[in-house]
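Here the protein sequences line up with chains A and B, keeping their order.
Each residue of the first sequence is one higher than the one before, counting from 1 in full-length UniProt numbering.
Each residue of the second sequence is one higher than the one before, counting from 1 in full-length UniProt numbering.
C-beta atoms are modelled at their ideal positions from N, C-alpha and C, and glycine is treated no differently.
2 protein chains.
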Amino acid sequence: MRITALAGGVGGARFLRGLLDHLDSRPTDPSGGPHEVTVIGNTADDVTLHGLRICPDLDTVMYTLGGGIHPEQGWGRAGETFGVADELRAYGAEPQWFTLGDRDIATHLMRTRMLGLGYPLSSVTEALCARWQPGVRLLPMSDDPIETHVVIDDPEGEPADDGTPAVKAVHFQEWWVRLHAAVPARQILAVGIEQAKPAPGVLEAIADADVVVLPPSNPVVSIGTILAVPGLRDAIRATKAPVVGVSPIIGGAPVRGMADACLTAIGVETSAAAVADLYSDFLGGWLVAPGDADSKMPEGVTLKAVPLLMSDAEATAAIARAALDLATELR
Amino acid sequence: MRITALAGGVGGARFLRGLLDHLDSRPTDPSGGPHEVTVIGNTADDVTLHGLRICPDLDTVMYTLGGGIHPEQGWGRAGETFGVADELRAYGAEPQWFTLGDRDIATHLMRTRMLGLGYPLSSVTEALCARWQPGVRLLPMSDDPIETHVVIDDPEGEPADDGTPAVKAVHFQEWWVRLHAAVPARQILAVGIEQAKPAPGVLEAIADADVVVLPPSNPVVSIGTILAVPGLRDAIRATKAPVVGVSPIIGGAPVRGMADACLTAIGVETSAAAVADLYSDFLGGWLVAPGDADSKMPEGVTLKAVPLLMSDAEATAAIARAALDLATELR
């Protein structure tokens with residue numbers, strides 16, 4: 001069975017860990033074939049800091065599935081140290097709101113060096129995964145640089161003549177990490193996305209899939225941005241595979257992260273139904289939490305209510321199983 | 001008193017520490033003016049590893065004088081950790097014979113980033129020194145990239161038709177660190193030096209000096225390479241300041257390091273007198289160890305014998321004092 005999943009960072013990675021755990025418990029599909037999981041990872045929160053190219057979502061998936069993740073935190077490396085970061089601070093290096101661990105820096109050094117030599121991000125990611133053996137084929141959504149920027153009010157800027165407050169754009173990471181998404185996002189822009197192409201293998205992985213899965217990743221800045229890569233959404237609309245998704249919203253609040261701040265920015269309600277609506281042009285099945293069982297689904301979307309809290313490995317594997325079962329129903 | 005010193009790595013840095021300690025004990029010169037020390041640092045053992053631009057000699061001087069050096073080792077940072085290096089090894093990153101510490105990597109990240117933005121090495125060095133406050137003005141000998149390569153036998157190469165064994169060139173660091181200079185150097189080449197220009201301020205620091213000092217640095221790959229920067233040796237010949245040097249050789253062996261392997265490569269005997277000979281066109285005074293007091297000096301060079309082992313801070317300051325006293329005699 002060929003499973004293709006789109007994924008952002010922590011939430012997506014945890015779901016994928018559960019998916020692999022579930023698949024491990026049934027090593028072949030009903031027809032006796034092996035499972036092949038392809039993950040299309042979000043790269044729009046990538047950022048260059050201290051001269052290092054950092055791909056937070058790809059790394060979170062790679063570390064989580066490869067056994068290197070900080071388990072409680074959900075991002076960054078287990079057993080991390082901060083020798084480099086302490087020194088960068090002593091030099092007064094900016095920005096100081098993003099702290100890179102030493103172990104993590106080694107990954108960024110490898111990536112930055114390979115990119116500098118001209119390798120595309122997809123090749124770099126494959127090379128890094130050769131060490132981590134995540135058990136999936138991890139593809140960046142695009143080899144082209146795409147960066148999410150967030151337009152926020154600029155209290156120090158001059159208001160326009162008509163009184164409109166001044167705004168400024170900051171990198172998504174600055175809004176997310178430094179400002180904790182607490183400053184309202186006036187607009188969320190994926191800079192560079194119009195010119196971007198899907199990375200090699202991405203469209204094929206969607207077209208050839210037996211199931212396409214949307215884990216409970218951020219519907220705006222993770223799944224939403226992946227879908228905005230030219231050609232990608234069309235491929236999902238066109239695939240014969242059922243598309244099933246897991247709601248990132250439970251009872252009107254994000255399971256984790258600050259998806260509500262992103263949904264508000266694009267004028268969408270923070271609810272399981274509203275997120276399903278964003279995917280209504282291709283979504284076949286939608287898993288929601290029991291409390292959201294009365295969500296009104298877009299036409300043609302099959303709703304199923306199951307416990308959605310990824311509280312431990314078993315619970316997470318059960319969600320993944322429910323997603324695959326729903327896909328089987330739809331097939 | 002304006003003192004200009006040429007310097008390589010560990011030996012030069014330790015001597016300079018002693019020089020500053022000595023000057024601290026007499027905060028003004030005989031005429032009542034302040035001391036100003038300019039150090040022209042060797043950059044020909046610079047190397048790019050893991051995408052990081054590393055300047056071992058400049059950093060050794062900066063860390064030693066700025067209080068960050070690993071005191072016993074003489075290079076690298078005190079309290080160093082190796083989180084990044086362990087991970088790079090796990091990725092199989094080459095080369096594995098050069099281990100970078102985490103604290104040190106922060107310096108290289110700062111430097112690599114600034115060079116990437118177009119700042120010349122002299123500006124980068126000044127920026128790094130703004131943190132370390134080494135108490136000297138530290139100038140790279142050149143802003144242009146110069147790399148010492150060493151020609152060694154290549155046992156895996158095809159011999160020439162006439163039976164001449166095959167050779168290959170390796171970066172100086174590979175010969176020094178990986179091969180411990182134990183493989184004979186057929187030739188030592190400063191690649192790029194013909195096209196290089198002295199960094200801003202270098203020629204002026206020599207012309208305007210009251211004393212020019214050669215610490216006991218490697219006479220081939222440190223002092224020798226600095227002197228080979230076009231215009232630099234001529235400036236030392238032309239300066240009105242006395243030029244005094246400290247022999248890096250005591251009783252036929254290097255005080256530390258593997259200068260003998262370098263001297264052999266250029267066909268020069270490992271002796272205090274033979275090194276003085278290399279500098280005979282500008283040298284005014286030469287400090288040797290008591291056991292070398294009968295060294296035959298080139299014409300016009302005043303020899304003085306004093307204990308030369310930099311065994312502790314006091315002994316090192318005494319050597320620096322002897323060098324300045326010898327310069328005073330010559331003036």
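Discussion item. For R137/A, report the span of its beta strand (DSSP E) as first-last.
Written reply: 137-140
Discussion item. Please report whether the beta-carbon of Y91/B lies at a distance below 7 Å from any beta-carbon of chain A.
Written reply: yes
Discussion item. Would F172/B and D45/B be called neighbours here (beta carbons separated by less than 7 Å)?
Written reply: yes
Worksheet item: Does the stretch 66-85 of chain A come within contact of the stretch 47-61 of chain B, defined as at least 3 CB pairs closer than 8 Å?
Response: no
Worksheet item: In chain order, what residues of the same chain have a beta carbon less than 6 Å from the beta carbon of A185/B, not counting five sequence neighbours either side?
Response: V150, A265
Item to complete: Measure the CB-CB distance between A85/A and T107/A and report whether it falls below 7 Å.
Response: no
Worksheet item: Going by other Cβ atoms of all chains shown within 10 Å of its Cβ, with 16 needed for buried, is P290/A buried or exposed?
Response: exposed
Worksheet entry | beta strand (DSSP E) segment containing W132/B, residue limits | No beta strand (DSSP E) contains W132/B, which is instead part of the alpha helix (DSSP H) from 121-132.
Discussion item. Taking the straight line between their C-alpha atoms, what separation do you get for R131/A and G67/B?
Written reply: 38 Å
Item to complete: Select from the stretch 46-71 of chain A all residues with a C-beta closer than 7 Å to any C-beta belonging to chain B, and list them in chain order.
Response: H50, G51
Worksheet item: Nearest to I146/A by CA position, among R53/A, A274/A, H22/A, is which residue?
Response: R53/A
Fill in: Host alpha helix (DSSP H) of A273/B (start-end)
272-278
Worksheet item: By how many angstroms is the C-alpha of A238/A removed from the C-alpha of L263/A?
Response: 26 Å
Worksheet entry | Nearest-angstrom Cα separation, counted from R113/A out to L49/B | 9 Å
Item to complete: Within 10 angstroms of the Cβ of W175/B, are there 16 or more other Cβ atoms? Answer buried if so, exposed if not.
Response: buried
Practice prompt. Rounded to whole angstroms, what's the CA-CA distance from A313/A to R17/A? Just pull it up for me.
Written response: 8 Å
Fill in: Given S142/B as reference, the closest of V255/B, A196/B, T225/B once Cα atoms are compared
A196/B
Worksheet entry | Neighbouring residues, chain A, relative to residue 338/B (Cβ below 7 Å) | Only positions 1 to 331 of chain B appear in the structure, and residue 338/B is not among them; the question remains open.
Item to complete: Could you spell out where the beta strand (DSSP E) holding V39/B opens and where it closes?
Response: 36-41
Practice prompt. Determine the burial state of D57/A: buried for a count of at least 16 other Cβ atoms within 10 Å of its Cβ, exposed for fewer.
Written response: buried
Worksheet item: With 7 Å set as the bound, which would you pick, yes or no: does the beta-carbon of L109/A sit closer than that to a beta-carbon of chain B?
Response: yes
Worksheet entry | 7 Å Cβ shell around G74/A - same chain, five flanking residues per side excluded | V10, R14
Worksheet entry | chain B contact residues for L121/A, given Cβ-Cβ distances below 8 Å | By Cβ distance, chain B contributes nothing, its closest Cβ being about 16 Å from L121/A, past 8 Å.
Practice prompt. Have a look at H22/A and H35/A and give me their C-alpha separation to the nearest angstrom.
Written response: 11 Å
Item to complete: Note down the Cα distance separating residue 333/B from L139/B, rounded to an integer number of angstroms.
Response: Because chain B is modelled from 1 through 331, residue 333/B falls outside the range shown and cannot be assessed.
Worksheet item: W75/A by DSSP, collapsed to three states: which one?
Response: coil
Worksheet item: Going by Cα to Cα distance, which pick from R103/B, E72/B, A318/B, N42/B is closest to T125/B?
Response: N42/B
Worksheet item: Going along chain A in order, which residues have a C-beta closer than 8 Å to the C-beta of L88/B?
Response: A106, L109, M110
Fill in: Through-space distance from L19/A to A320/A, alpha-carbon basis
5 Å
Practice prompt. Would you kindly report the start and end of the unbroken beta strand (DSSP E) that includes T4/A?
Written response: 2-7
Worksheet item: Got a sec? Which residues, its chain only, sit under 6 Å from D102/A by beta carbon, not counting five neighbours each side?
Response: T81, G83, V84
Item to complete: Under 8 Å between beta-carbons, which chain B residues line up against V150/A? List them in chain order, please.
Response: Here the premise fails: no neighbours, minimum Cβ distance about 24 Å.
Worksheet item: Would A7/B pass as a contact of P216/B if the rule is Cβ separation under 7 Å?
Response: no
Worksheet item: With DSSP run on the structure shown, which of helix, strand or coil describes R237/B?
Response: helix
Practice prompt. Give the DSSP-derived three-state secondary structure of V221/B in the structure shown.
Written response: coil
Fill in: Residues of its chain near D281/A, where Cβ-Cβ distance is below 7 Å and the 5 sequence neighbours each way are ignored
R237
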